[in-house]
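> Have a look at this one before I ask anything.
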């Protein structure tokens, strides 16, 4: 079995929310090629490691990369135009095929060629442009994404636990587009709780709270605190607290409140509090985990539920025990009464015979 390891060299160090440094982007050691953005005149800042552009509605904006083949062999590279998305770990992701969100009016990956194949001769330097068609009516807020490039050839990564590993090296150049300077700050942050359900995340069962950022802007430095209770109970069943979380524009984040043991079906309540420099959001939502859902998740993970009786079963057992105790006491008292009456009856019979 072969496993692919993808190495990302980011041009984005979001949230602060600035991008990385002022140096060109280079691949990690072993990638055997380098990538640098060719910065146009409409760059919003002096940073040169990513595209931060103010674009005009109805125009075509070229995003150009200078690519250098550092080897003496021909290389075949794939270049993907991607849209930023919110990862479950609280970081903004730029890899291809991130989940779409219904709130997105425009996606960067839909405004240009999704995939390009680039062939570099030995030691060749080539400039490659990705044309972005800016909507005629413009767009609100920010379009955020990246130019994601990887070598089609995989290199040997050794063996781990009997599994052969293959390395695939990739580079990422960030892209941030606005139709006017400061458009980012004109959008008021907002979050919505889109749904709550049982699920699996990082190989563990739990509750997945889907939180949507429907706004075309991004922000971070958020603290998330989640508690899951049995319905109409104050006992916490699951809990999770995280800090320094970020969300991408017009996206959603699947926040997992997880446990190591098997899931139990039943009625629950989620209490989720999100706070940060940009606002405060407090959500409460009732939800249910069906027996079929719990069994399916537990079976997939090889987990078995510990047997516990429902509350009504304990009530019936308690009533039955109380009834049994009452019956024993009743019979005991009746026996004593009969024993007390028996000598009197015998004396009466003896006197009558005399």
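Numbering (mature numbering (1 follows the signal peptide of the UniProt record, and there is no 0)), first residue to last: -27 to -1, 1 to 327. Ideal Cβ positions, reconstructed from N, Cα and C, are used throughout, including at glycine.
(1) Within the continuous beta strand (DSSP E) that includes residue 4, where are the two ends?
(2) With DSSP as the reference, label residue 15 as helix, strand or coil.
(3) Label residue -27 either buried or exposed according to how many other C-beta atoms from any shown protein chain fall within 10 Å of its C-beta, with 16 as the threshold for buried.
(4) The beta strand (DSSP E) spanning residue 42 covers which residue range?
(5) Assign residue 109 to buried or exposed, taking buried as 16 or more other Cβ atoms, counted over all protein chains shown, within 10 Å of its Cβ.
(6) Just to confirm the assignment: which complete alpha helix (DSSP H) runs, minimum length 4, are found wholly within the region 172 to 232?
(7) Looking at the structure shown, is residue 143 part of a helix, part of a strand, or coil, going by DSSP?
(8) Quick check on the DSSP output: the beta strand (DSSP E) that includes residue 109 runs from which residue to which?
(9) Under 7 Å between the Cβ atoms of residue 244 and residue 183?
(10) Would you check if the distance between the CB atom of residue 348 and the CB atom of residue 106 is smaller than 7 Å?
(11) Would you check if the region 218 to 236 and the region 183 to 201 touch, i.e. whether three or more CB-CB distances between them fall below 8 Å?
(12) Spatial neighbours of residue 76 within its chain, please: CB distance less than 7 Å, with the 5 preceding and 5 following residues excluded, ordered by chain position.
(13) Under the assumption that residue 121 contacts residue 215 (Cβ atoms under 8 Å), give the Cβ distance between them as a whole number of angstroms.
(14) Could you give the residue range of the beta strand (DSSP E) that holds residue 246?
(15) Comparing alpha-carbon positions, which option in 150, 127, 50 and 261 lies nearest residue 57?
(16) Specify, as a first and last residue, the run of the beta strand (DSSP E) that residue 92 falls within.
(17) Out of 171, 250, 119 and 287, which has the shortest C-alpha to C-alpha gap to residue 68?
(18) Find the nearest neighbour of residue 96 within the set 5, 240 and 25, judged by alpha-carbon distance.
(19) Applying the criterion that 16 or more other CB atoms from any shown protein chain within 10 Å of the CB defines a buried residue, is residue 42 buried or exposed?
(20) Given a cut-off of 7 Å, decide if residue 235 and residue 277 are closer than it, judged by their beta-carbon atoms.
Result, derived from the coordinates:
(1) Residue 4 -> no beta strand (DSSP E), and no H or E assigned at all.
(2) coil
(3) In this prediction, residue -27 has a pLDDT of 44, which is less than 50 and means its spatial position is unreliable; what the coordinates show is noted afterwards. Exposed, since its Cβ has fewer than 16 Cβ neighbours within 10 Å.
(4) 33 to 42
(5) exposed
(6) none
(7) strand
(8) Per DSSP, residue 109 belongs to no beta strand (DSSP E) and is neither H nor E.
(9) no
(10) Residue 348 lies beyond the stretch modelled for the chain, which goes from -27 to 327, so this question has no answer here.
(11) yes
(12) 185, 187 and 223
(13) Actually they do not touch by this definition, with Cβ atoms about 26 Å apart.
(14) 239 to 249
(15) 150
(16) 88 to 93
(17) 119
(18) 5
(19) buried
(20) yes
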